[in-house]
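Visitor:
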Amino acid sequence: MTDDWVSLFSGGKDSSWALYRALEAGLNVSRLLTVHPEGDSYMYHVPETRLARLAAESVGIELVELEPDSFDADSATDSGEQGDAELEPMEAALRELSEELDLAGVTAGAVESEFQTNRIQQMCDRLGIDLFAPLWQQNPRELVDAMLDAGFEITIVQVAAHGLDESWLGRTLDADAIAELEELNDEYGVHILGEGGEFETLVTDGPHMSRPIELEYETEWEGTRGRIRVTDAWLGER
Numbered sequence: 001m002t003d004d005w006v007s008l009f010s011g012g013k014d015s016s017w018a019l020y021r022a023l024e025a026g027l028n029v030s031r032l033l034t035v036h037p038e039g040d041s042y043m044y045h046v047p048e049t050r051l052a053r054l055a056a057e058s059v060g061i062e063l064v065e066l067e068p069d070s071f072d073a074d075s076a077t078d079s080g081e082q083g084d085a086e087l088e089p090m091e092a093a094l095r096e097l098s099e100e101l102d103l104a105g106v107t108a109g110a111v112e113s114e115f116q117t118n119r120i121q122q123m124c125d126r127l128g129i130d131l132f133a134p135l136w137q138q139n140p141r142e143l144v145d146a147m148l149d150a151g152f153e154i155t156i157v158q159v160a161a162h163g164l165d166e167s168w169l170g171r172t173l174d175a176d177a178i179a180e181l182e183e184l185n186d187e188y189g190v191h192i193l194g195e196g197g198e199f200e201t202l203v204t205d206g207p208h209m210s211r212p213i214e215l216e217y218e219t220e221w222e223g224t225r226g227r228i229r230v231t232d233a234w235l236g237e238r
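Take 1 as the starting number for the sequence shown in UniProt numbering and just add one per residue.
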């Protein structure tokens, strides 16, 4: 049997970059695993995770999905307990996958969050598998430049930070946007990768995808934060 890897995947730029780097490194990624949180989450990317299905089709890797009713975090008394509770269905899914795969490890797109990374590493330790986290503690500007240089097309789908207004919703994360984010970092402390939840993204195209994701959407704005609501999505043609 060959070593199989599972990519923890939301469709956002960080998990997509971890997947891309794993494929570049020759890892046999045989499943993508997407969690669909209900409401806010300490562990997972939230907006528009349903589009992971299109991304998986374009990448050509089978997708496993975990639904919101898989969670049992209501009894948690603090963020740590909630994070642990949110991780439980993922760990259970990986245990189940290990019965059909020669599971070697998982990929994750964490950059700076010890809250998330420590829990994923502990989960891997319990499962006896490896963690591939190529973004961990890397320079944010170098990371985003590498994504753009590789040909990633990245759309901003949610914002929640000073300096990010409704005009950022649906905007492409390109060189001009990065330059503005660096200015907002100086002024407000906005992380240029959105690591503090300042913004969330969707990768609509990349060198590992056979077809781009096309979107139609509406925007929702609530004073200081907002998001896009996708009304239609499909795989386009090259």
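Virtual Cβ for every residue (Gly too), placed ideally from N, Cα, C.
Owing to the predicted nature of the structure, the values given are computational and were not obtained by experimental measurement.
Am I right that Arg211 and Gly236 are in contact with their C-beta atoms under 8 Å? What's the rounded C-beta distance?
Guide: Confirmed, about 6 Å.
Visitor: Of the residues Met209, Arg229, Glu183 and Glu100, which one's Cα is nearest the Cα of Glu200?
Guide: Nearest of Met209, Arg229, Glu183 and Glu100 to Glu200, Cα basis: Arg229.
Visitor: What number of angstroms, rounded off, separates the C-alpha of Gly151 from the C-alpha of Trp221?
Guide: So the two alpha carbons sit approximately 30 Å from each other.
Visitor: Cα separation between Arg91 and Leu66?
Guide: Rather than Arg, the amino acid found at residue 91 in this sequence is Glu. Their backbone Cα atoms lie some 11 Å apart in a straight line.
Visitor: Classify Glu183 as helix, strand or coil using the three-state DSSP reduction.
Guide: Glu183: helix per DSSP, three-state reduction.
Visitor: Go to Asp145, then tell me how far its beta strand (DSSP E) extends in each direction, as first and last residue.
Guide: Where Asp145 is concerned, there is no enclosing beta strand (DSSP E), although the alpha helix (DSSP H) it sits in stretches over Pro140 to Ala150.
Visitor: Rank Gly189, Cys124, Asp205 and Leu51 by C-alpha distance to the C-alpha of Val6 and give the top, closest one.
Guide: The shortest Cα separation from Val6 among Gly189, Cys124, Asp205 and Leu51 belongs to Cys124.
Visitor: From Gly11, Gly60 and Arg95, pick the residue whose C-alpha is nearest to that of Glu48; which is it?
Guide: Minimum Cα distance to Glu48 is reached at Gly11.
Visitor: By DSSP, does Glu24 sit in helix, in strand, or in coil?
Guide: Reduced to three states, the DSSP call for Glu24 is helix.
Visitor: Run through DSSP, which three-state label would Leu32 get?
Guide: Leu32: strand per DSSP, three-state reduction.
Visitor: Look at the alpha carbon of Glu114 and the alpha carbon of Ala52, and state the distance between them as a whole number of angstroms.
Guide: Spanning the two alpha carbons is a distance of roughly 25 Å.
Visitor: Kindly indicate which three-state DSSP category Thr224 falls into: helix, strand or coil?
Guide: Thr224: coil per DSSP, three-state reduction.
Visitor: Check whether the region 94-108 and the region 161-170 touch, using three or more Cβ-Cβ pairs below 8 Å as the test.
Guide: Output reads no: the region 161-170 does not touch the region 94-108.
Visitor: What's the gap between the Cα of Arg50 and the Cα of Thr231?
Guide: So the two alpha carbons sit approximately 12 Å from each other.
Visitor: According to DSSP, is Leu169 part of a helix, a strand, or is it coil?
Guide: Here Leu169 sits in coil by DSSP.
Visitor: Figure out for me which residue from Asp205, Asp149 and Asp130 has the closest Cα to the Cα of Leu94.
Guide: Looking at the Cα atoms, Asp130 is the closest of the given residues.
Visitor: In angstroms with no decimal places, state the Cα-to-Cα distance between Leu181 and Thr155.
Guide: Between Leu181 and Thr155, the C-alpha separation is close to 14 Å.
Visitor: Check whether the region 142-151 touches the region 11-25, counting contact only when three or more Cβ pairs, one atom from each stretch, lie closer than 8 Å.
Guide: Output reads yes: the region 11-25 touches the region 142-151.
Visitor: Which partner residues of Thr155 appear in the DSSP bridge assignment?
Guide: Looking at the DSSP assignment, Thr155 forms a beta bridge with Thr172 and Leu202.
Visitor: For the region 18-36 against the region 182-189, do three or more pairs of beta-carbon atoms, one drawn from each stretch, fall closer than 8 Å, so that the two count as touching?
Guide: No, because fewer than three Cβ pairs between the region 18-36 and the region 182-189 fall closer than 8 Å, the two stretches do not touch.
Visitor: On a Cα-Cα basis, can you pick out the residue from Val111, Trp234, Pro37 and Arg141 that is closest to Ala175?
Guide: Here the closest residue by C-alpha is Arg141.
Visitor: With distances taken Cα to Cα, identify the nearest neighbour of Leu193 among Leu135, Leu33 and Met209.
Guide: Comparing Cα-Cα distances from Leu193 to each of Leu135, Leu33 and Met209, the minimum goes to Leu135.
Visitor: Figure out for me which residue from Glu100, His36 and Gly197 has the closest Cα to the Cα of Leu87.
Guide: Measuring from the Cα of Leu87, the nearest candidate turns out to be His36.
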